[in-house]
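Q: -5 is the number of the first residue of the sequence shown in my numbering; add one for each residue after it.
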Amino acid sequence: MHESVHKHAQCDALIARRNLLTHPFYQAWSNGTLPVEALKTYAREYGAFIAGVGLGWERAGWSDIAAVEDGHARVWERTFAASLGTSVGEPQIPEVAALIEAEGELFAERATAMGALYAFEAQQPYTAQSKLKGLKEHYSDLPAVCGTYFEMHESDFDEPAMLAEGMAALSAEEQAQAIAACERMSCALWDALSGIHARYGGESACAMG
C-alpha cells in the first residue's frame, strides 16, 4: 500500500507539531554526535515502550499484527539492546516511565489504542530510516545487527494505513477519543526522547503548540 494512501488528517496535523524527526535526540543520532552510551540508554529505556506495542494492536482488533509486534520487540531486545551491551528493563527516566504509563492507559480501549498507535506507527518508517542512516554513517563500530529492528520498519507504511482506515470507521465519539489519544501519545513520545537526551547534556527543544 502506498504511503500516501489513507492518511488521517487530524492526527497527522497533531503529529506534525511534535515530529520526532525534528527532535534534537534523533538529529544528534543522525549526525553522529550522540554518545554511544546514550544509544545504550535509549535501547534499555525505550525498549519498554516497544515491548507494549503488541498489546495496543491486540486491543485495536488486529491479533495477527500484535503477534508480529511481539516478535519485533524480541528483535529489539536480542539485536539492538544486546549489541549495545544492555537489556530492556523498567524505565528509570521519569519521562520514559510517563510514556509507559500513557501507553498502558491508552491501550486499554480500542479507539484510544488506534489513535495512540497511529502517533507512533505513522512516524516509525521515517525515524527508522533516519536511525539506520546514522548507524551506518557514524556508528559503524557497532555490530551490524544493531540496525536489524530499524531495517524491519523503514518501509512499513501498511500499519499506519490500516490504523487510519480503522479510525475512519469509528463513530464520531470514538474518533474524537482516538484523536485525543494520538495527541497525548505524540507528546509522551517527544517527552521521552527529551528525558533520555537530557541525561547526556541534550536539550529537548520546544515542540510547536
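The beta carbon of each residue, even a glycine, is placed where N, CA and C say it ideally should be.
Everything numeric in this text was worked out from a predicted model, so none of it was measured.
Does the stretch 143 to 150 touch the stretch 53 to 69, meaning 3 or more C-beta pairs lie closer than 8 Å?
A: Counting Cβ pairs under 8 Å, three or more are found: they touch.
Q: DSSP on residue 74, reduced to helix/strand/coil?
A: Residue state, collapsed to three classes: helix.
Q: Tell me the rounded alpha-carbon separation between residue 122 and residue 161.
A: So the alpha carbons of these two residues sit roughly 24 Å apart.
Q: Which residue comes first and which comes last in the alpha helix (DSSP H) that contains residue 35?
A: From DSSP, the alpha helix (DSSP H) with residue 35 extends over 30 to 44.
Q: Taking the alpha helix (DSSP H) that residue 21 falls in, what are its first and last residues?
A: Taken as a continuous stretch (DSSP letters only), the alpha helix (DSSP H) holding residue 21 covers 18 to 25.
Q: Under DSSP, the alpha helix (DSSP H) around residue 11 begins and ends at which residues?
A: 3 to 11 is the extent of the alpha helix (DSSP H) around residue 11.
Q: What alpha helix (DSSP H) runs, 4 residues minimum, are completely inside the stretch 57 to 121?
A: With a minimum length of 4 residues, the continuous alpha helix (DSSP H) runs that stay inside the stretch 57 to 121 are 57 to 69, 88 to 100, 104 to 115.
Q: Can you give me the start and stop residues for the alpha helix (DSSP H) that residue 143 sits inside?
A: Residue 143 -> alpha helix (DSSP H) spans 142 to 145.
Q: Taking just the CA atoms, how far does residue 76 sit from residue 167?
A: C-alpha separation (whole angstroms): 43 Å.
Q: Taking the beta carbon of residue 154 as the centre, do at least 16 other beta carbons fall within 10 Å, making it buried, or is it exposed?
A: It is buried - the Cβ of residue 154 has at least 16 other Cβ atoms within 10 Å.
Q: Under DSSP, the alpha helix (DSSP H) around residue 164 begins and ends at which residues?
A: No alpha helix (DSSP H) holds residue 164; DSSP gives it neither H nor E.
Q: How would you label residue 204, buried or exposed, when you count the other beta carbons within 10 angstroms and need 16 or more for buried?
A: Since the first and last residues shown for the chain are -5 and 203, residue 204 lies out of range.
Q: On the DSSP letters alone, give me the boundaries of the alpha helix (DSSP H) that residue 49 sits inside.
A: From DSSP, the alpha helix (DSSP H) with residue 49 extends over 47 to 54.
Q: With 16 as the cutoff for other CB atoms within 10 Å, does residue 73 come out buried or exposed?
A: Answer is buried; the Cβ neighbour count reaches 16.
Q: Quick check on DSSP: helix, strand or coil for residue 0?
A: Any reading at residue 0 is ruled out, since the residue's pLDDT is 48, under 50, leaving its predicted position unreliable.
Q: Here's the rule I'm using: 16 or more other beta-carbon atoms within 10 Å means buried, otherwise exposed. How should residue 14 be labelled?
A: With 16 or more other Cβ atoms within 10 Å, it is buried.
Q: CA-CA distance, residue 130 and residue 165?
A: Straight-line Cα distance between these residues: approximately 44 Å.
Q: Mind the definition here: the stretch 86 to 106 touches the stretch 38 to 50 only if three or more C-beta pairs lie below 8 Å; say whether that holds.
A: The stretch 86 to 106 vs the stretch 38 to 50: in contact.
Q: Mapping the DSSP letters down to three states, classify residue 148 as helix, strand or coil.
A: Residue 148: coil per DSSP, three-state reduction.
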